[in-house]
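Visitor:
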Amino acid sequence: MSTTVLRELEWTDLATLAALEVELFADDAWTEPTWWAELAARPRRDYVVAVEGEQVVGYAGIDVSGDVADVMTIATVPAARGHGLGRRLLDDLVHRAEQRGATALLLEVRADNEPAKRLYERSDFETISVRRRYYQPGDVDALVMRKHLGGTHD
Ligand SMILES: CC(C)(COP(=O)(O)OP(=O)(O)OC[C@H]1O[C@@H](n2cnc3c(N)ncnc32)[C@H](O)[C@@H]1OP(=O)(O)O)[C@@H](O)C(=O)NCCC(=O)NCCS
Numbered sequence: 000m001s002t003t004v005l006r007e008l009e010w011t012d013l014a015t016l017a018a019l020e021v022e023l024f025a026d027d028a029w030t031e032p033t034w035w036a037e038l039a040a041r042p043r044r045d046y047v048v049a050v051e052g053e054q055v056v057g058y059a060g061i062d063v064s065g066d067v068a069d070v071m072t073i074a075t076v077p078a079a080r081g082h083g084l085g086r087r088l089l090d091d092l093v094h095r096a097e098q099r100g101a102t103a104l105l106l107e108v109r110a111d112n113e114p115a116k117r118l119y120e121r122s123d124f125e126t127i128s129v130r131r132r133y134y135q136p137g138d139v140d141a142l143v144m145r146k147h148l149g150g151t152h153d
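Going by numbering that gives the first Met the number 0, the sequence shown opens with residue 0, and the numbers climb by one from there.
Structure follows, in structure tokens:
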């Protein structure tokens, strides 16, 4: 079994991520130009990728603004799911947010995305509000979830 390593996002990953997005997020896929914009928005944006050898098997990122951080995205490839990689990526985001002084990490998740909801609930995120029919088409609600962090912002 190969080892999964977490490392910083690099510009050479962007075409790979844009291709993975189509598979993982379909209609909501981020394009390569979007990924370039995300990379250019560092250090406010902060992304990590999970690799097995040369293969990208997951990725995640945050936006940090003052004492609040937001999860921009988190995903693992289907073949890697159910083995703790999503949790590892989320823990890494929490660590990055805390390092930057954030006291809360927020995210939005589709109300019908059970695997993601369970991942967040088990990581002590709580639902703080519901945006009705936020995802279109399909009229799916968005849950806004928050986790309190240990960071202190000055
Ligand atoms: C959500 C996602 C990142 C989870 O990744 P993963 O690598 O499977 O996550 P893990 O193996 O670390 O599992 C973490 C928790 O998620 C939950 N989970 C994972 N797969 C699940 C499934 N198929 N059904 C229900 N819960 C599931 C479990 O509660 C698990 O915790 P446990 O092992 O303590 O029970 C992955 O399913 C994914 O990439 N989905 C598509 C993209 C997406 O929806 N991203 C979130 C957008 S808000």
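Every residue gets a Cβ at the ideal spot worked out from N, C-alpha and C, and that includes glycine. Quick caveat, the model's predicted, so the values are computed rather than measured.
Among Val70, Leu92, Val56, whose alpha-carbon lies nearest the alpha-carbon of Pro77?
Guide: Taking the first residue of the sequence shown as 1, we reach residue 77 at position 78. Residue Val56 is the option with its Cα nearest to Pro77.
Visitor: Using a Cβ-Cβ cut-off of 8 Å (strictly less than) and excluding sequence neighbours within five positions of Leu84, which residues of its own chain qualify?
Guide: Counting from one through the sequence shown, the residue named residue 84 turns up at place 85. The answer, listed in chain order, is Thr3, Ala49, Val56, Gly57, Thr75.
Visitor: Please report how far the alpha carbon of Leu89 lies from the alpha carbon of Ile73, in whole angstroms.
Guide: Taking the sequence shown and counting its residues from 1, one reaches residue 89 at position 90. Taking the sequence shown and counting its residues from 1, one reaches residue 73 at position 74. The alpha-carbon atoms of Leu89 and Ile73 are separated by roughly 8 Å.
Visitor: Just list the residues that DSSP pairs Ser173 with in beta bridges.
Guide: There is no way to answer for residue 173, as the model of the chain reaches only from 0 to 153.
Visitor: How is Arg131 classed by DSSP in three states: helix, strand or coil?
Guide: Looking up residue 131 in the sequence shown gives position 132. In this structure, Arg131 counts as strand in the three-state DSSP scheme.
Visitor: From which residue to which residue does the beta strand (DSSP E) around Asp140 run?
Guide: Counting from one through the sequence shown, the residue named residue 140 turns up at place 141. Its beta strand (DSSP E) spans residues 139 to 147.
Visitor: Expressed to the nearest angstrom, what Euclidean distance is found between the alpha-carbon atoms of Met144 and Glu107?
Guide: The count along the sequence shown starts at 1 and reaches residue 144 at position 145. The count along the sequence shown starts at 1 and reaches residue 107 at position 108. The alpha-carbon atoms of Met144 and Glu107 are separated by roughly 6 Å.
Visitor: Compare the beta carbon distance of Ala103 and Val47 with 7 Å and say whether it is the shorter of the two.
Guide: Position 104 of the sequence shown, counted from the first residue, corresponds to residue 103. Position 48 of the sequence shown, counted from the first residue, corresponds to residue 47. No, these two residues do not count as a Cβ contact at 7 Å.
Visitor: Exposed or buried, Tyr129, counting other C-beta atoms within 10 Å across all chains shown (16 or more means buried)?
Guide: By one-based count along the sequence shown, residue 129 stands at place 130. Contrary to the premise, residue 129 reads as Val rather than Tyr in this sequence. Classification of Val129: exposed, given that the 10 Å Cβ count is below 16.
Visitor: Find the nearest neighbour of Thr33 within the set Gly52, Asp12, Glu51, judged by alpha-carbon distance.
Guide: One-based indexing of the sequence shown puts residue 33 at position 34. Of the candidates Gly52, Asp12, Glu51, the one whose C-alpha sits nearest the C-alpha of Thr33 is Asp12.
Visitor: Taking the straight line between their C-alpha atoms, what separation do you get for Gly81 and Gly52?
Guide: Taking the first residue of the sequence shown as position 1, residue 81 is located at position 82. Taking the first residue of the sequence shown as position 1, residue 52 is located at position 53. Distance between the alpha carbons of Gly81 and Gly52 is about 20 Å.
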